[in-house]
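One structure is given here, and the rest of the page talks about it.
2 protein chains.
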Amino acid sequence: MPTLKHTPKPTGHFSESLARGLSVIQAFDRDAPMLRIADVAKRTGLDRAAARRFLLTLLDLGYVGRSDDLFYLRPRTLDIGFSYLASLDLDRVIQPFLNELTEATRETSSFGIADGFDVGLLARSANNRMLNVSVALGSRVPAYSASLGRVLLAGLSPEQFKHYLEALPTGSVAPEALDRDALRASVEQTRSCGWVTVEPGPGRGFRSIAVPIRDGSGAVVAGVNVLEYPPRNSAPTMVRKYLPLLRNAATQIEAAMRLAQHSVATWNTATHDTAPPSG
Amino acid sequence: MPTLKHTPKPTGHFSESLARGLSVIQAFDRDAPMLRIADVAKRTGLDRAAARRFLLTLLDLGYVGRSDDLFYLRPRTLDIGFSYLASLDLDRVIQPFLNELTEATRETSSFGIADGFDVGLLARSANNRMLNVSVALGSRVPAYSASLGRVLLAGLSPEQFKHYLEALPTGSVAPEALDRDALRASVEQTRSCGWVTVEPGPGRGFRSIAVPIRDGSGAVVAGVNVLEYPPRNSAPTMVRKYLPLLRNAATQIEAAMRLAQHSVATWNTATHDTAPPSG
DNA sequence: ATTTATTTGTGCGATAATCGCACGATTATA
DNA sequence: TATAATCGTGCGATTATCGCACAAATAAAT
């Protein structure tokens, strides 16, 4: 996604340089892991000289490396994002409960939060039958397609969900053969039930069930699911066998999150904000 | 780690603002997930007004949130580090081979790179017997203590390794009851053998074996290991049963990495740089 | 070999972004 | 009530940043 335009910032208290520098990091991509100065300039919309300054800065800080004219990200870049993961203390607060869940169900369980239009997978306890369907930790899946996404969407207020639907790129839902009306219906049902199952379909060989995780105020801030691959139980069976375990795990996680110093606020932001910068 | 002092940058081509802004992100921490402006100012050594500007910038960009006076990192922060993971294309280049390895050994296998004094775990294929010993992806383990770390240390030049030992905080090695001489011996043996096993011991209930992964120039850029928890085979048995599989996987990964567009450079930086800024 | 089109590196003046003090308002603590 | 922190903000001074323009190096095309 080249040429990110910076919307004029409302307040004068804004550091252009920081924003531009961060955009330089994100100019790197699976499809463009190595870039020259000019490439970065094009992708970010920065002047070539500016792009160069930021690259040299990041080089100096150890976030990027260079080989001749090509720049690339270095592992240290992970430190930035991992400040967030560390602040969540996943190992202590979440992982143990996922492990219990997986042990009890003998299936793979995951923990995710809402992040824009996607679900961010933050923790997982894997069942080894599922080796071939690996989804890397930290990756995003579209919120509308996954069971985790459904429970998160169901946690939105009607207005927020309306915003979500409106802002959702029109083409996005099509590939799953799931139109907006069906999605709306599914989300509404999820809201009233407190859980949701997602059926296998074209391009998705698994069946999964998810429940929301709420903070002290009752707002949905995350979700847990159990995933069968290949699906071995019918949806009703999954509900019968796994829902109690899921609910139990969710309750425990909620308690653990409340005990953690920063329960409410940190997680509470997991709501879909329809506007990255403004609008 | 408060008050990171900025070494005066050699070149004039350096963006203070970017460096300072990044330091603001990293002011957040497992032990300090929520900070007030003044806290951030203290931890970064910035003026309060400056810290505030950066925080507001990050807030506007969606990287941090705030609840009253407290700021905290938001999931979007992961985007930054994940630019790096995406650029590695782990799912495609590494994960399949780990999965094969785990399938063949029925044990857990991991892939890691050197990152400063630590090993960064970037990919894993888990065996479900190992559920309770979960180490979150992306976490660091000290290079001296893990089998992955040993093969990476063994890839350093004698001078680099000397630097590593010198720069290693003196207290670090003690808890593992492994003194510098023993570490040096182990690393030297690893270098000549091309593999290493690490025995279970106090604070470590598993036995593991690792081999290095080299780039086109022969430099060690990463490592793969297989880990038994609880240990079921003796070390010699592990070598006999797993070493061929590990070597095979390493060879395949090396080939895949060479095929990937950016094989050499991106990985090549995984060498231990003893000096974060300078010295 | 000679052009043509892209690169990168660098200097420099003009500009605008950043700095950081200092003030008043607000809230917690003694 | 007094004391100590905190935040928010304005503003002048500074300086970091911008981005053009040029030279040099490289690669591709003629």
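Chains as they are written, first to last, in the numbering used here: chain S, 1 to 279; chain R, 1001 to 1279. Just so you know, even glycine gets a beta-carbon here, dropped at the ideal spot from N, CA and C. Just so it is clear, the structure is predicted and the values come from calculations on it, not from any experiment.
- Close to chain S, meaning a Cβ-Cβ distance shorter than 7 Å, are the following residues of the region 1019 to 1034 of chain R: A1019, G1021, L1022, I1025, Q1026, F1028, D1029, R1030, P1033, M1034.
- For A1182 (chain R), the number of other beta carbons within 10 angstroms of its own is below 16, and it is reported as exposed.
- Distances from the alpha-carbon of E1188 (chain R) to those of R:R1048, R:L1156, R:L1088 put R:L1156 closest.
- Within chain S, the residues placing a beta-carbon under 8 Å from that of G1120 (chain R) are P75, L78, ordered along the chain.
- Taking a C-beta distance under 8 Å as the contact criterion, Y63 (chain S) and R74 (chain S) qualify as a contact pair.
- In the displayed model, I94 (chain S) falls within coil according to three-state DSSP, outside both helix and strand.
- Boundaries of the beta strand (DSSP E) harbouring G1065 (chain R): 1064 to 1067, taken from the DSSP string.
- Against chain R, the CB of G155 (chain S) has no partner CB under 8 Å away; the residue lies outside that interface.
- Counting only residues of its own chain and dropping the five nearest sequence neighbours on each side, D1118 (chain R) has a CB closer than 7 Å to the CB of R1140, V1141, P1142, A1143.
- Counting only residues of its own chain and dropping the five nearest sequence neighbours on each side, G112 (chain S) has a CB closer than 7 Å to the CB of V119, G120, L121, L122, L148, A222, G223.
- A straight line joining the alpha-carbon of R1150 (chain R) with that of V220 (chain S) spans about 44 Å.
- Excluding sequence positions up to five before and after G21 (chain S), its CB lies within less than 8 Å of the CB of F54, T57, L58, all in the same chain and listed in chain order.
- In the three-state reduction of the DSSP assignment, G81 (chain S) falls in the helix class, which pools H, G and I.
- With three or more CB-CB distances shorter than 8 Å, the region 205 to 215 of chain S counts as touching the region 225 to 235 of chain S.
- The closest CA to that of S1145 (chain R), considering only R:Q1160, R:E1159, R:L1168, R:H1163, is found on R:L1168.
- Only R52, R53, F54 from the region 42 to 54 of chain S bring a Cβ to less than 8 Å from some Cβ of chain R.
- Proximity of Y1084 (chain R) to chain S, defined by a Cβ-Cβ separation below 8 Å, is satisfied.
- When the five nearest sequence neighbours on each side are left out, the beta carbons in the same chain lying within less than 7 Å of the beta carbon of L243 (chain S) are those of W195, I209, in order along the chain.
- DSSP places S1208 (chain R) in the strand class (E or B) of the three-state scheme.
- Restricted to the region 100 to 168 of chain S, the beta strand (DSSP E) segments that are unbroken, complete and at least 3 residues in length are 108 to 115, 118 to 125, 140 to 142, listed in chain order.
- Annotation: D1179 (chain R) to G205 (chain S) spans about 51 Å, alpha carbon to alpha carbon.
- Between L1245 (chain R) and L1098 (chain R), the C-beta spacing is not below 8 Å.
- Under the Cβ distance rule, L61 (chain S) counts among the residues neighbouring chain R, one pair being separated by less than 8 Å.
- Chain R places no beta carbon closer than 8 Å to that of D69 (chain S), leaving this residue out of the contacts.
- If you draw a straight line from the Cα of L1152 (chain R) to the Cα of G218 (chain S), it comes to about 47 Å.
- Under a criterion of Cβ atoms nearer than 8 Å, no residue of chain S is adjacent to H1163 (chain R); the nearest Cβ is some 16 Å distant.
- Rounded to whole angstroms, the gap between the alpha carbons of S67 (chain S) and L35 (chain S) is 10 Å.
- In terms of Cα proximity to P33 (chain S), the closest of S:G45, S:L70, S:F14 is S:L70.
- Interface annotation, L56 (chain S): in contact with chain R, CB-CB separation under 8 Å.
- Against chain S, the beta carbon of G1218 (chain R) has no neighbour under 9 Å; the closest one sits roughly 16 Å away.
- Distance from the Cα of A1126 (chain R) is smallest, within the candidate group R:S1110, R:A1114, R:D1115, for R:S1110.
- Look at L1245 (chain R) here: in three-state DSSP terms it is helix.
- Across the structure, E166 (chain S) and V1198 (chain R) are spaced so that their CA atoms are roughly 55 Å apart.
- Interface flag for F1014 (chain R) against chain S is set, since a Cβ pair is found closer than 8 Å.
- By the Cβ-count criterion, D1060 (chain R) is buried, with 16 or more other Cβ atoms from all chains shown falling within 10 Å of its own Cβ.
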